[in-house]
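Visitor: So the number in my numbering is just where the residue sits in the sequence shown, counting from 1, plus 144.
Where is the CB? At the ideal position from N, CA and C, for every residue including glycine.
Input: one structure, supplied below.
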Amino acid sequence: MGMDKKIEKKKLTPKKIALIVIVLAFVGFTIYSFAYMDFRSTLNVEKEKLTISTVAENSFQEFIQVSGTVQPIRTIFLDALEGGVIKSVNLESGTTVERGDTIAVLTNSSLQLSVLQQEASLYDQINNVRNSRLNLEQNNLRLKEQLISVENQLNLAKPEYERQKSLYEKNLTSEQEFQQAKENYEYQKKRYEISSESFKRDSVQTTSQLRQLDESEKRMFRSLDGVQAILENLIVTAPINGQLTTVELQQGQSINRGERIGQVDILDNYKIRVGVDEFHLSRITTGLEGSFNFAGQTHELVITKVYPVINNGQFQVDMEFVNEAPSGLRRGQTARIRLELGESSNALLLPRGGFYQTSGGNWGFKLNEDGTQAVKQNIRLGRLNPEYYEVLSGLEAGDKVITSSYDTFGDNEVLELN
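Rendered as structure tokens:
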């Protein structure tokens, strides 16, 4: 019977143990590295060439920058009321004028002849009215004289009748004489009643006709004044005090009726006529405020009138100074105005920059705490003005963001800032 062979256990030598530890460490490190390795694409950029802005909470005012032209607060245009040929030019453009000053004188022979004919016709009509009035008055006077005569006959007939009646009752006169006196009295009485009634009716009618003639005469005189005033329209005068601006006027030059020959500007105050993009039409109303800088000072303005007609993509508004207009302002001067579109409110703000053209405001590169790296991060922006974007989400106050252009960053998600 054979004997079993004894198997001896292999012992791990220190050398083998060290080798196993090294292998396990390498495998662990490899697994750890793969688990935590940053596979995002990275780009090295020079920090000095970037614009880095800080997100901050502040008052947000939605506004737009617009341009306007300084204009007088009020302008009266000079249009030729009648056409003609310039006889004389009395005042030059740029002159300060007072109301009633003669600017130019026109002549128009056809108009002058027409005025003379109209005057002659009106004078004829006035004479006819006066003749009619005279005839009515004379007729009324004649009727009045007739009434007086009839009344006088009645006054004579009445006492004769009463005397004959008294004598007849005493048998001191004949019945024939009494009857004659009685009939004459009754005739004169009836005659007076008819004449008196006729005179009253005629007087009422005459009074009405005279009133109508008076009104007609007044209208004719007003027409005459109007006709005579036509010739005064050939004299161009200043309608108000102000500064005169005219087109070039020359003696002998023909001017058409209604042709604009100049304007007079009131220079005691100014307004600014502003052009606004049609995109903002629904938000622009009277009362909105704005401001502009002039001679080192800020001046407040308010919209007083909106002209909704759109021309070349813009509509116009008038803005007047809240306080007195600054001295040194000149008509035609251009002003850059900050026009506010509503009330201010607190918001998280990010300065505007070229990054928006690439990201559309949907993402941006946010810096880490030590500023050595910027990582692409989703954000959401809201309202904007020429200076700031309103941040709705994705950023907090104090965050630093690259706001310059992203055009050279490609699709990289991490920027190493050198």
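Based on DSSP bridge pairs, tell me the residues matched to Ile410.
Guide: Looking at the DSSP assignment, Ile410 forms a beta bridge with Arg218.
Visitor: Threshold first: 3 residues or longer. Then list the beta strand (DSSP E) segments lying entirely within the stretch 338-413, N to C.
Guide: Runs of beta strand (DSSP E) with 3 or more residues, each lying fully within the stretch 338-413, are found at 379-381 and 386-390, listed in chain order.
Visitor: Output the distance between the C-alpha atoms of Gly238 and Asn529, rounded to the nearest integer angstrom.
Guide: Rounded to the nearest angstrom, the two C-alpha atoms are 41 Å apart.
Visitor: Report, in whole angstroms, the separation of the C-beta atoms of Val545 and Gly508, which I expect to be a contact under 8 Å.
Guide: 5 Å
Visitor: Quick check on the burial criterion: 16 or more other C-beta atoms within 10 angstroms. Buried or exposed for Leu316?
Guide: exposed
Visitor: Counting C-beta neighbours from all protein chains within 10 Å, is the total for Ala179 16 or more, i.e. buried, or is it exposed?
Guide: With a pLDDT of only 46 at Ala179, under the threshold of 50, the placement of this residue in the model should not be trusted; the figure read from the coordinates follows. With fewer than 16 Cβ atoms within 10 Å of its Cβ, Ala179 is classed as exposed.
Visitor: Give the secondary structure of Ile523 by DSSP, where H, G and I count as helix, E and B as strand, and everything else as coil.
Guide: coil
Visitor: Where does Ala179 sit, in a helix, a strand or coil, going by DSSP?
Guide: Residue placement at Ala179 is poorly supported in this model, since its pLDDT is 46, which falls under 50; the coordinates still yield a value, given next. In the three-state scheme derived from DSSP, where H, G and I count as helix and E and B as strand, Ala179 is classed as helix.
Visitor: In three-state terms, what does DSSP make of Ser503?
Guide: Here Ser503 sits in helix by DSSP.
Visitor: Is Ile428 helix, strand or coil by DSSP?
Guide: coil
Visitor: Return the bridge partner residues of Gly434 from the DSSP annotation.
Guide: Note: Gly434 sits in a beta bridge opposite Leu445 and Leu483.
Visitor: Return the chain-ordered list of same chain residues with a C-beta closer than 8 Å to the C-beta of Leu250, the five sequence neighbours on each side being excluded.
Guide: Ala224, Glu226, Gly227, Gly228, Val229, Ile230, Lys231, Leu378, Ile379, Val380 and Ile399
Visitor: Applying the 10 Å Cβ sphere with the 16-neighbour rule, what's the burial state of Thr478?
Guide: Exposed, because fewer than 16 other Cβ atoms sit within 10 Å of the Cβ of Thr478.
Visitor: Is Leu483 near Ile217, with beta carbons less than 8 Å apart?
Guide: Cβ distance not < 8 Å, so Leu483 and Ile217 don't count as in contact.
Visitor: Among the residues of its own chain, which have a CB less than 8 Å from the CB of Thr389, if the five just before and after it don't count?
Guide: Ser237, Gly238, Gly406, Gln407, Val408 and Asp409
Visitor: Would you check if the stretch 190-197 and the stretch 342-358 touch, i.e. whether three or more CB-CB distances between them fall below 8 Å?
Guide: no
Visitor: If Ile428 and Ile447 are in contact, beta carbons under 8 Å, what's the gap, nearest whole angstrom?
Guide: In this structure, Ile428 and Ile447 form a Cβ contact; the two beta carbons are roughly 7 Å apart against a cut-off of 8 Å.
Visitor: Mapping DSSP to helix, strand and coil, what is Tyr532?
Guide: strand
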